[in-house]
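With my numbering applied, the sequence shown has no gaps in its numbers, which climb one by one up to 468 at the end.
The structure appears below as structure tokens.
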Amino acid sequence: MSQLNAIQDDDSLIWLPRLAVHGGPRFLQIADALQAAVVDGSLKPGDRLPPQRRLAAQLDVDLTTVTRAYDEARRRNLLEGRGARGTYVAAPKVELTAILDLSMNTPPPPDGVDFDDMLKQGLSQVLMRADNASLMTYHLGGGSDSDRKAGAQWLEPMFGHPDARQVVVCPGAQAAIAASILALTAPGDTILAEPTGYPGLLTAATQFGRQIVAVEADMHGMVPAMFEEACRRHKPALVYLNPTLQNPTAITIPERRRKELAGIAQRCNVRIVEDDPYWRLADAPPPPIATFAPEQVVYISTLSKCLTPGLRVAFVLIRDPDERERFLAALRSFALMVAPLTAALATQWILDGSADALMEGVRKEARLRHRMARDILAGRYSGAGDGLHVWLELPAYWNPSQLARAADSEGIAVTPAEAFATGSGSVNAIRISLGSVKDRGRLQAGLQRLSQLLARRPESFSAAVV
């Protein structure tokens, strides 16, 4: 996304953007920049904006582009027309001052995809083609035949043509992780994981009386030698890996290391839970670990991170039939099934191509937001350029909890590294989620405020708030 710059000394033009070639439609870049200026206070209620023709000349765009930008800004309640007197910044709405939530990893709303229409069309097709009674009753087998076939189709980019009979449909990845722990481990067993990882694993393991042991990781993920040593020392029943755009570090384990980890798991007879929610959002990801040790791995792919969390649908590939039955029994003990209506909607979207279209829109929007974050956060940005989040290492004068509290006081929610620690140690970093703020302009303003905060020392911040 663009960076704001002063094109002239005229105060009415300080918010103007440098239009980026790959920053999306130009009218949206202008509207986003205008909204960011309103949010950060560069433009205040009552400020008069330049006439459209003058702005078009300043930006070297056609008049239609500026007209569309102003119309979009009015739709967002940012501007108001006052007849012959011109266009002015409107009084702020509540949503402009609401907290900017950069703590929740959700897919960003894709530009050019009418989600409301897609939802209506999908539900209409489901209700027209399905037996409505079957949508309101129990499904105990891990999904209907059509749902499992849709799951197999969803997994084709990863595995070619997986057997639909080996696919289990779950109510989200967290349920799949919990069922895996119950099915593959016993109370008191050890589960290996990276030192920094998904908090839901620790929550489930603690509730079920399992012990998490952290295994050293480097810039390429879990270190094979340390994994093998931990297997010998702790005799674990399970190892949990999130190998693609890992949450929260955004590290993708390269193919060679995936093969090494799979080989060690086979030699040590340790099952792997491969939680892979971001594989289809990544740019040319390596093959899943499950391709190198098919019988050793429970592979989880959720729609929540690629499409929308509201579906609550995840597909789990389990090759071994006995393990699959144990998994289903464990799942039924606390979740029973996916809601048939949402499973049917997911199936409809996958089979008619809507899921791929929505996912592609999410991928494009995520990349735009990563470019924005890279530009604003400059040398501090350490993202992969895709996925939903950035792992931001902090300057030495901040610690994660301290920074999170300071950001919260400025209306920005971020997640400190402590929330992801599976062991006793923690790194000096925070996770920033790029998808949960709907408007790109508000996200831009939030990232700019966060960048300014990072540049200040805690002492100056504390003095300012006193």
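Quick reminder that beta carbons are idealized off the backbone N, C-alpha and C, glycines included.
Everything numeric in this text was worked out from a predicted model, so none of it was measured.
Can you give the Cα-Cα distance for residue i and residue j, rounded to whole angstroms?
i    : j    : result
Q127 : N134 : 12 Å
Q209 : F29  : 50 Å
P511 : S384 : The chain is shown from 3 up to 468; residue 511 falls before or after that span and cannot be answered.
P47  : L57  : 19 Å
H391 : L194 : 24 Å
A409 : W400 : 12 Å
R442 : R371 : 8 Å
D354 : G114 : 18 Å
E461 : R407 : 13 Å
R321 : V300 : 8 Å
A39  : A86  : 24 Å
P288 : S306 : 21 Å
L452 : E420 : 19 Å
L379 : K151 : 43 Å
A386 : E196 : 19 Å
I432 : E367 : 22 Å
D356 : A346 : Residue 356 is actually Ser in this sequence, not Asp. Those two C-alpha atoms are separated by around 13 Å.
R444 : V41  : 7 Å
V315 : S148 : 14 Å
A219 : A447 : 34 Å
D324 : Q298 : 13 Å
Does residue i come out as helix, strand or coil in the three-state DSSP assignment?
i    : result
M228 : helix
T349 : helix
Q391 : What sits at residue 391 in the sequence shown is His, not Gln. Reduced to three states, the DSSP call for H391 is strand.
Y301 : strand
F336 : coil
R20  : coil
T99  : Unreliable placement is indicated for T99, whose pLDDT of 48 sits below 50; the coordinate value is still reported in the next sentence. If DSSP states are grouped into helix, strand and coil, T99 belongs with the helices.
V41  : helix
R50  : strand
M106 : coil
D285 : coil
G25  : coil
S384 : coil
R321 : coil
P311 : helix
Is residue i near the ligand MG, in the sense that its beta carbon is under 6 Å from a heavy atom of that ligand?
i    : result
P460 : Among the ligands in the structure shown, none appear at all, so the ligand MG cannot be discussed.
In the DSSP output, what is residue i paired with across the bridge?
i    : result
V275 : Y242, V300
L81  : V91
A316 : C172, T304
H344 : Checking the sequence, you will find Thr at residue 344 rather than His. DSSP, once it has assigned bridges, lists no residue as partnering T344.
T198 : A423
Hey, does residue i have any beta-carbon neighbour from chain C nearer than 7 Å?
i   : result
L21 : Given the protein chain composition of this structure (a single chain), no chain C is represented.
**Ordered list of alpha helix (DSSP H) runs contained in the region 204-260, each at least 4 residues** = Listed in chain order, they are 226-236.
**Message:** For the pair the region 128-148 and the region 289-309, tell me if three or more CB-CB distances fall below 8 Å.
**Reply:** The count of Cβ pairs closer than 8 Å, one atom from the region 128-148 and one from the region 289-309, stays below three, leaving the stretches out of contact.
**Request:** Ignoring anything shorter than 3 residues or poking outside the region 110-194, list the beta strand (DSSP E) runs there in chain order.
**Result:** With a minimum length of 3 residues, the continuous beta strand (DSSP E) runs that stay inside the region 110-194 are 169-172.
**Three-pair Cβ contact test at 8 Å for the region 241-257 versus the region 216-223** = Using a Cβ-Cβ distance cut-off of 8 Å, the region 241-257 and the region 216-223 are in contact, since at least three pairs of beta carbons, one from each stretch, lie closer than that value.
**Prompt:** For the region 397-465, which segments carrying the beta strand (DSSP E) assignment without a break, of at least 3 residues, lie completely within its bounds, in sequence order?
**Reply:** Unbroken beta strand (DSSP E) stretches of 3 residues or longer found wholly inside the region 397-465: 431-435, given in chain order.
**Prompt:** How about the region 350-368 and the region 162-173: do they share at least three Cβ pairs that are nearer than 8 Å?
**Reply:** Pairwise C-beta distances place the region 350-368 out of contact with the region 162-173, as fewer than three of them are shorter than 8 Å.
**Asked** How do the region 321-330 and the region 67-82 stand: do at least 3 beta-carbon pairs fall below 8 Å, yes or no?
**Response** When Cβ pairs closer than 8 Å are counted between the two stretches, the region 321-330 is seen not to touch the region 67-82, the count staying below three.
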